[in-house]
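Please read the structure below before turning to the comments.
There are 2 protein chains.
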Amino acid sequence: MMHALDLFERRGYEQTSVADIAAAAGVTEMTFFRHFPTKDRVLLDDPYDAALVEAVASRPQAEQPLFRTVNGLREALSAIPEPGIALVRRRTRVVAATPSLRSAAWRNNQRTEDAVSEQLIADGGDPLEARAAVAAVLAALTTALLWWAGEEDIDLSAALNRALSVFDREPDREQSHAG
Amino acid sequence: MMHALDLFERRGYEQTSVADIAAAAGVTEMTFFRHFPTKDRVLLDDPYDAALVEAVASRPQAEQPLFRTVNGLREALSAIPEPGIALVRRRTRVVAATPSLRSAAWRNNQRTEDAVSEQLIADGGDPLEARAAVAAVLAALTTALLWWAGEEDIDLSAALNRALSVFDREPDREQSHAG
DNA sequence: GTGTCGAATGTTAGTGACTAACATTCAAGT
DNA sequence: ACTTGAATGTTAGTCACTAACATTCGACAC
Chain A
2 MMHALDLFER
12 RGYEQTSVAD
22 IAAAAGVTEM
32 TFFRHFPTKD
42 RVLLDDPYDA
52 ALVEAVASRP
62 QAEQPLFRTV
72 NGLREALSAI
82 PEPGIALVRR
92 RTRVVAATPS
102 LRSAAWRNNQ
112 RTEDAVSEQL
122 IADGGDPLEA
132 RAAVAAVLAA
142 LTTALLWWAG
152 EEDIDLSAAL
162 NRALSVFDRE
172 PDREQSHAG
Chain B
2 MMHALDLFER
12 RGYEQTSVAD
22 IAAAAGVTEM
32 TFFRHFPTKD
42 RVLLDDPYDA
52 ALVEAVASRP
62 QAEQPLFRTV
72 NGLREALSAI
82 PEPGIALVRR
92 RTRVVAATPS
102 LRSAAWRNNQ
112 RTEDAVSEQL
122 IADGGDPLEA
132 RAAVAAVLAA
142 LTTALLWWAG
152 EEDIDLSAAL
162 NRALSVFDRE
172 PDREQSHAG
């Protein structure tokens, strides 16, 4: 709902009650909860998570889990049209400014993580490694999103590339830990 | 509080009200909230996050963000005594069984992520990359914890090693995305 | 001992997200 | 007109959490 985003931007998420959003949309509080299971989902629901799942699924099975996910993510991202990106940015700014929303956004990510890693596992990947890889990539994505939303003159794919670049680094080989 | 963990294990987290926990401890609901800011923190608060921050800080600056975090994590983990590990396991099982707690656990991780990446940045790391690296490692840690808590005959460091192994893989070099 | 102070705890009343049970409207199809 | 079913409204409640204020109680000065 556009009403909700407007209100969140003006007054902040915590200062906007569900009753406020419902009133702005000309309905009652109950009606709101029939459309959205929770207050945060009115902000967080979008079609891009599903697109990411599909993009990863359509990548060749031969790719390592980490890189298959990375490549799928890049594909999915480049398919989002400009107006969508602009909305994501406004949304992400609200999320960045609201601690409780940050963890709600992570709950969203978990659903995506489940779906993507299920796919990798069905294709023969090791369950733990697949999950870890997807979780790591999504964590980097979130970091990139938050960074990008806070800066003015950076585009999303540039921020994402920088965040993902940490996976390309060679370890500085040394005997290191006690475990 | 031990009372809380017991109740969560028996009845489940959502089915246990703060009033229940307070009653089990022989105090009033208000008193509970004077000790813990939220219901989830009674389960999630522990000293290990701070230990991780210190362990990473004490690693040589020369290490790449990703590997410095990984090595610090391994050190911090090997310093936890057995009884602590057993508690973590019980706790993690409750978290694994409770969706809302999973995102609460992530809010915990965010505080750790902030502290660790602040350290890396203070030591001259690139802010975006440092954050992404720490976020990725913590995501892998969470995945390992959840996996380990659900299996019977695996120890934590083995699960963690498997989860972290995804960072060691070489990318399958190919021209891949449209981004 | 009496008085005093401060910390820990209790009481009451409220807000806001969310749920359940039930009633109403209203547009379509017969 | 009659029925049906989906969308919406009403009411009343639960639960996490907060604010304002009152009470208990042990430590310590005197």
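Residue numbers (this note's numbering), protein chains in the order written: chain A, 2 to 180; chain B, 2 to 180.
For glycine and all other residues, C-beta sits at the position ideal for the given N, C-alpha and C.
Is it buried or exposed, residue i, if we count other Cβ atoms within 10 angstroms and call 16 or more buried?
i, result
"B:N110", "buried"
"A:N72", "buried"
"A:Q16", "exposed"
"A:W149", "buried"
"A:A141", "buried"
"A:A160", "buried"
"A:R92", "buried"
"A:R112", "exposed"
"A:G126", "buried"
"B:R12", "exposed"
"B:T70", "buried"
"B:A87", "exposed"
"B:A5", "buried"
"A:A193", "Residue 193 of chain A lies beyond the range of chain A shown here (2 to 180); nothing can be said about it."
"A:A23", "buried"
"A:A179", "Unreliable positioning characterises A:A179 in this predicted model, as indicated by a pLDDT of 45, which lies under 50. A coordinate reading is not provided."
Just to confirm, is the Cβ distance from residue i to residue j under 7 Å?
i, j, result
"B:A134", "A:V167", "yes"
"A:E114", "A:L139", "yes"
"B:D41", "B:A105", "yes"
"B:V19", "B:F33", "yes"
"B:V28", "B:V117", "no"
"A:A131", "A:L121", "yes"
"B:E76", "B:A56", "yes"
Whose C-alpha, out of the options, is nearest the C-alpha of residue i?
i, options, result
"A:R170", "B:A25, B:A106 and B:Q65", "B:Q65"
"B:A97", "B:A20, B:G85, B:L121 and B:E152", "B:E152"
"A:A58", "A:P128, A:T144 and A:A123", "A:A123"
"A:T99", "A:L6, A:M2, A:A5 and A:Y14", "A:Y14"
"A:A25", "A:R90, A:D50 and A:M3", "A:M3"
"B:N162", "B:L74, B:P128 and B:I81", "B:L74"
"B:D7", "B:R94, B:D154, B:S101 and B:S158", "B:R94"
"A:S158", "A:P128, A:R90, A:R35 and A:L45", "A:R90"
If you drop the 5 nearest sequence neighbours on each side, which residues of the same chain put their C-beta closer than 8 Å to that of residue i?
i, result
"A:A164", "A141, L142, T144, A145 and W148"
"A:L67", "A134, A137, V138 and F168"
Is any heavy atom in the ligand HEM found nearer than 6 Å to the beta carbon of residue i?
i, result
"B:P84", "The ligand HEM is not among the ligands present in this structure, which contains no ligands whatsoever."
Skipping 5 residues on each side, what residues in its chain have a beta carbon closer than 6 Å to that of residue i?
i, result
"B:F37", "V43"
"B:R60", "R69, N72 and G73"
"B:T39", "none"
"A:P128", "I122"
Leaving out five residues before and five after residue i in sequence, what residues of the same chain have Cβ atoms less than 7 Å from its Cβ?
i, result
"A:A81", "Checking the displayed sequence, the identity of residue 81 of chain A turns out to be Ile instead of Ala. Counting only Cβ-Cβ distances below 7 Å, and skipping sequence neighbours, we find Y49."
"B:A52", "A77 and A80"
"A:R103", "V96"
"B:D21", "L8"
"A:E30", "V19, A20 and A23"
"B:L45", "A105, A106 and N109"
"B:R1", "Outside the displayed span of chain B (2 to 180) sits residue 1 of chain B, for which this structure offers no information."
"B:D154", "none"
Chain-ordered residues of the stretch 107–118 of chain B with a beta carbon less than 8 Å from chain A: The stretch 107–118 of chain B vs chain A, Cβ under 8 Å: W107, R108 and Q111.
| task | Anything in the stretch 21–48 of chain A with a Cβ closer than 9 Å to a Cβ of chain B? List those residues in chain order, please. | result | The residues in question: there are none.
Discussion item. Counting only Cβ-Cβ distances shorter than 9 Å, please list the residues of the stretch 127–138 of chain B near chain A, keeping chain order.
Written reply: Cβ contacts with chain A come from D127, P128, L129, E130, A131, R132, A133, A134, V135, A136, A137 and V138.
May I ask you to list, following chain order, the residues of the stretch 153–171 of chain A that have a beta carbon less than 9 Å from some beta carbon of chain B? Only those residues of the stretch 153–171 of chain A whose C-beta falls short of 9 Å from the nearest C-beta of chain B are listed: S158, A160, L161, N162, R163, A164, L165, S166, V167, F168, D169, R170 and E171.
Subject >> Interfacial residues, the stretch 85–96 of chain A to chain B, with Cβ spacing under 7 Å >> reply: Closer than 7 Å at the C-beta level to chain B, one finds no residue of the stretch 85–96 of chain A.
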